[in-house]
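Trainee:
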Amino acid sequence: METVYINSPLGITKIVGDEDGVTVISVSDVGTDEISGEIPEVLKEAVLQLQEYFYKKRTDFDFKLNPKGTEFQQKVWKSLLEIPYGRTISYMDQTKKLGDVKAIRAVASANGKNPLWIVVPCHRVIGTNGSLTGYAGGLFRKKWLIEHENPTNQQSLF
3 METVYINSPL GITKIVGDED GVTVISVSDV GTDEISGEIP EVLKEAVLQL QEYFYKKRTD
63 FDFKLNPKGT EFQQKVWKSL LEIPYGRTIS YMDQTKKLGD VKAIRAVASA NGKNPLWIVV
123 PCHRVIGTNG SLTGYAGGLF RKKWLIEHEN PTNQQSLF
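Numbering (our numbering), first residue to last: 3 to 160.
1) Measuring CB to CB, does Y93 end up less than 9 angstroms from G129?
2) Among the candidates R143, G71, K99, whose CA atom is the shortest distance from the CA of A112?
3) In whole angstroms, what separates the C-alpha of R107 from that of G23?
4) How close, in whole Å, do the beta carbons of R126 and T90 come, if the pair is a contact with beta carbons under 8 angstroms?
5) DSSP on T97, reduced to helix/strand/coil?
6) Under a three-way DSSP split, which group does V44 fall into?
7) CA-CA distance, D20 and A110?
8) Grab me the residues of V6's own chain with a C-beta within less than 7 angstroms of its C-beta, minus the 5 sequence neighbours each way, in chain order.
9) Buried or exposed: S133, going by 16 or more other Cβ atoms within 10 Å of its Cβ?
10) So which of A105, S28, K104 has the shortest CA-CA distance to W119?
11) On the criterion of 16 or more Cβ atoms from any shown chain inside 10 Å, does K145 qualify as buried, or is it exposed?
12) Suppose you measure from the CA of K99 to the CA of E36; what does that come to, to the nearest Å?
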């Protein structure tokens, strides 16, 4: 496994993966002393596409993904990939699409364990009443991402 740390408008982004695909993309508030000087070859496309996303030059990703999780988590994460850029759905809507409204807590839990920040867009899932609830990266990041993807928003990146 290779690892790279890059700057993003929302903190230090960690990307982990190998020739089988990217397994982890996460963000933290850790200091900039962790920024990588070199990008491993297997992670270059992921870094490039994330940078394009932050500069509003990309709305979807096509590098190889290889998240680790249970069969149920994989199913939930796959459903997140169906949410279009700039759109949101509720946890209940996501649960209904997965076929079992009683599984809403399990679906929300799986969203919270999503290992591929931004690329598997769990930030696009909101409360039924439109509230920004439950985001492992912090609600301020979820708000920023939703606003960033809003086509009428012309905010500055940094």
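From the three backbone atoms N, C-alpha and C, an ideal C-beta is built for every residue, glycine too. Please read all numbers here as calculations on a predicted model, not as lab measurements.
Mentor: Quick answer:
1) Position 91 of the sequence shown, counted from the first residue, corresponds to residue 93. Position 127 of the sequence shown, counted from the first residue, corresponds to residue 129. Cβ atoms of Y93 and G129: closer than 9 angstroms.
2) Reading the sequence shown from its first residue, position 110 is the one you call residue 112. For the residues R143, G71, K99, the minimum Cα distance to A112 belongs to G71.
3) Residue mapping note: residue 107 aligns to position 105 of the sequence shown, counting from 1. Residue mapping note: residue 23 aligns to position 21 of the sequence shown, counting from 1. Between R107 and G23, the C-alpha separation is close to 29 angstroms.
4) For this step, residue 126 is matched to residue 124 along the sequence shown. For this step, residue 90 is matched to residue 88 along the sequence shown. 5 angstroms between Cβ atoms; contact.
5) By 1-based counting over the sequence shown, the position of residue 97 is 95. Helix, per DSSP.
6) Position 42 of the sequence shown, counted from the start, is the residue given in the question as residue 44. In this structure, V44 counts as helix in the three-state DSSP scheme.
7) In the sequence shown, the residue the question calls residue 20 occupies position 18. In the sequence shown, the residue the question calls residue 110 occupies position 108. Straight-line Cα distance between these residues: approximately 28 angstroms.
8) For the purposes of this step, residue 6 is taken as the residue at position 4 of the sequence shown. Closer than 7 angstroms at Cβ, skipping near neighbours: I17, S38, I41, P42, L45, V49.
9) Working through the sequence shown from its first residue, we reach residue 133 at position 131. So S133 ends up on the exposed side.
10) Reading the sequence shown from its first residue, position 117 is the one you call residue 119. Closest option to W119, Cα to Cα, is S28.
11) Here residue 145 is taken as the residue at index 143 of the sequence shown, counted from 1. Looking at its Cβ environment, which holds fewer than 16 other Cβ atoms inside 10 Å, K145 is exposed.
12) Within the sequence shown, residue 99 is the residue found at index 97, counting from 1. Within the sequence shown, residue 36 is the residue found at index 34, counting from 1. Taking the straight line joining both Cα atoms gives about 40 angstroms.
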